[in-house]
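Presented below is the structure to which this report refers.
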Ligand SMILES: [Zn+2]
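Residue numbers (my numbering): 9 to 92.
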């Protein structure tokens, strides 16, 4: 463990996990799911590693260039699991 495993916002511990990114490509929004990230276990802020950031940039370049097809999502799509 190093200082880089500590959340810059709240000082919480970062754990390996996944996050979702919402990125703008022109007038469209692209959602990238299951992006590997370090996620703060306290405030859930997600931190991308330089490698992952680079990969996301590459995917977005391909998306903007029309080389990558996006699965359409409904605006306002909500998934909420209520237990109990
Ligand atoms: Zn935090």
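Beta carbons: idealized from backbone N, C-alpha and C, even for Gly.
Residue i - DSSP class collapsed to helix/strand/coil
{"i": "residue 36", "result": "strand"}
{"i": "residue 28", "result": "strand"}
{"i": "residue 90", "result": "coil"}
{"i": "residue 74", "result": "coil"}
{"i": "residue 63", "result": "helix"}
{"i": "residue 69", "result": "helix"}
Among the options, nearest to residue i - alpha-carbon criterion
{"i": "residue 36", "options": "89, 73, 91", "result": "73"}
{"i": "residue 20", "options": "79, 58, 47, 62", "result": "47"}
Identity of the residues DSSP links to residue i by a beta bridge
{"i": "residue 23", "result": "47"}
{"i": "residue 54", "result": "47"}
Give me every residue whose Cβ sits closer than 6 Å to any heavy atom of ligand 1, in chain order. Having a Cβ closer than 6 Å to some heavy atom of ligand 1 are 15, 17, 18, 20, 48, 50, 51, 53.
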